[in-house]
Amino acid sequence: MKILLIIPGSGDTFYCGNCFRDNLYAQALRRAGQDVVIMPLYLPLTDEAFRADTPLFFPATSYYVAQKFFGKGKMPRIFEKILDFPSVLRLASSFSGATSAKGMEQMTLSMIKGDDENFRKQTEKLIHWIVNHDRPDVIHLSSSMLIGIAKAIKNSINVPVVCSLQDEELWIDSLDNQYACEAWTSIRDGMGSIDRFVASSAFYRSAALNKIPEIGEVDVVYPGVHVEKYAALHYPTAPVIGFFYRMSHENGLDIVAQAFVKLKREQAIPNLKLKIGGGYTRENKRFVNRIRKILKPYRNDVIWSDSYNLDEHAAFYKDISLICVPVRFNEAAGLYLCEAFAAGKPAVAPDTGSFGEIAGDAGVLYVPNDSEHLAEALRKMLTNNDIYEKCKENALLLSRERYNGRITSESLLKIYEKYTSKP
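Residue 315 in numbering that gives the first Met the number 0 sits at position 316 of the sequence shown; the count goes up by one each step and never skips.
In structure tokens form, the structure reads like this:
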């Protein structure tokens, strides 16, 4: 089966949950023998481990300027050529990673509504490429915030469209209220162009239905990793807490740092170490510097992986004892948990969002989400060998039976086959 996966690029400078979910989908489907074509939007995918198969569409630089300053009018071609130089796109990538839609209202609504001249210009290029490069059997959109593309595809070529749902409300609800309402209404209006929606957890399926009850049935497909790639043959001799996500306030790196310092001061866990990875952008640099100051008294026990490299991604989990990413929002899936479980590493996580569903008996959950209660949960996990071993066994079990790339590809293919004649 030929599958076209249309995904927003994040610039490859940090661990993006939605981007890596798309990466896992592509890897799993390819290992299952499927022909997967990756089409990037906004920013280029440059990492060898997740390289794009098509030109870049809707380049972030020119498309942002077109929406911000030309509205529904057409931007002069000369501006577009200058703004889409590779060097300008690389600069934009270094600034990528914003979690607030402030200033991006027009661009966000354009991608959802698909009713302006600049949007039509880009979709004409995208559809022309599809038509002239071996028509796919199914198209999978990374997010409902790309639903304008689905409408354009349905109006031009008769190809089934599947759409993922994951964390859209984090972006849309950060818009001013009038824009947020317009965005949700426009997604509701455009959902007829989607043949099937897919959520990454039962928790997020409920969250999506709460926002748009009319969306109807939504399939749940859990993230599935290449288990053999993550498998760890050893565990560190000294306990190591692992944080792996973009280093930011919303992802709770400061909560982990403060809990670690508290445990070190109390000397509660001998030889305790902290490993931090996942990368960050210029937007996060001041925050990261503040975390370094918090950890300075114990800097010899902190391992920093400043840069993010997709090829080295899986190796992070092999050198930790557990995964701990206390995000400040209701996470739709928590891919880092699924990855850590493949390495047999349990989780310590706040009892929020999907974590109860995703972690199950493979971790210790705590509330409220602050450093004091996190420190208590970490102490519980790392000082009681019976609890740790039981969580470790359940982590490996979940990895085999739920968060496995083979299971993910089978689930996706069953959905695709409902809308195409190709098994």
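Note that CB positions come from ideal geometry on N, CA and C, so glycine has one too.
Given the structure is predicted, the values throughout are model-derived calculations rather than measurements.
If you check the CB distance, Ala331 and Ser200 come in under 8 Å. DSSP places Pro367 outside both helix and strand once states are collapsed to three, so it counts as coil. By the neighbour-count criterion, in which a residue is buried when 16 or more other Cβ atoms sit within 10 angstroms of its Cβ, Ser163 is buried.
Apart from sequence neighbours up to five positions away, the residues of its chain that approach Arg195 with a beta-carbon distance below 6 Å are Val161, Ile414, ordered along the chain. Arg285 has its alpha-carbon roughly 32 Å from the corresponding atom of Ala342. The alpha carbon of His248 has as its nearest neighbour, out of Asp172, Val326, Ile186, the alpha carbon of Val326. By alpha-carbon distance to Leu395, the top candidate from Phe13, Tyr229, Gln177, Lys112 is Tyr229.
Per the Cβ contact rule, the stretch 372–390 is in contact with the stretch 248–258 (3 or more Cβ pairs under 8 Å). Per DSSP, Val301 is one residue of the beta strand (DSSP E) stretching across 301–303.
Distances from the CA of Lys292 to each of Leu252, Ala314, Thr280, Cys390 were compared; the closest alpha carbon is that of Leu252. Here Phe328 is near Leu169, since their CB atoms are less than 8 Å apart. Short of 8 Å from the beta carbon of Tyr316, and not among the five residues preceding or following it, lie these beta carbons of its own chain, in chain order: Tyr229, Ala231, Gly241, Phe243, Ile322, Glu338, Ala339, Ala341, Ala342, Lys344.
According to the DSSP assignment, Leu169 belongs to the alpha helix (DSSP H) that extends over 167–171. By the neighbour-count criterion, in which 16 or more other beta carbons inside 10 Å mark a residue as buried, Lys274 falls on the buried side. Within the stretch 263–304, the complete beta strand (DSSP E) segments at least 3 residues long are 272–276, 301–303, listed from N- to C-terminus. Gly32 sits in coil when the DSSP states are folded into three classes, being neither helix nor strand.
Short of 7 Å from the beta carbon of Gly8, and not among the five residues preceding or following it, lie these beta carbons of its own chain, in chain order: Pro39, Leu40, Tyr41, Leu42, Pro43, Leu44. Look at the stretch 309–387 and you find these whole runs of beta strand (DSSP E), each 3 residues long or longer: 346–349, 362–365. Three or more Cβ pairs closer than 8 Å define a contact, and the stretch 14–22 falls short of that threshold against the stretch 388–406. Taken through DSSP and simplified to helix, strand or coil, Val220 comes out as coil. According to DSSP, residue pairing for Arg195 in a beta bridge involves Val161.
Scanning Glu181, Asp52, Ile319, Lys112 for the CA closest to the CA of Trp128 turns up Asp52. Pro212 counts as exposed, since fewer than 16 other beta carbons sit within 10 angstroms of its beta carbon. Each of Leu397, Gly333, Leu411, Thr351 was checked against the Cα of Gln165, and the nearest Cα belongs to Gly333.
With a cutoff of 8 Å on beta-carbon distance, Leu262 and Ile254 are scored as not near each other.
Annotation: the continuous beta strand (DSSP E) that includes Gly241 extends over 239–243.
The DSSP-derived three-state label of Pro43 is coil. For Ile357, the closest C-alpha among the options Lys379, Asn403, Asn384 is that of Asn403. The three-state secondary structure of Leu232, taken from DSSP, is coil. Each of Arg298, Arg245, Lys295 was checked against the Cα of Glu282, and the nearest Cα belongs to Arg245.
In terms of Cα proximity to Ile6, the closest of Ile138, Gln105, Ile126 is Ile138.
Assignment of Lys1 by DSSP, reduced to helix, strand and coil, places it in the strand class. DSSP lists Pro39 as the beta-bridge partner residues of Ile6.
Residue burial annotation: His312 is buried, with at least 16 other C-beta atoms found within 10 angstroms of its C-beta.
Leu3 is positioned such that its CB atom lies no closer than 8 Å to that of Ala25.
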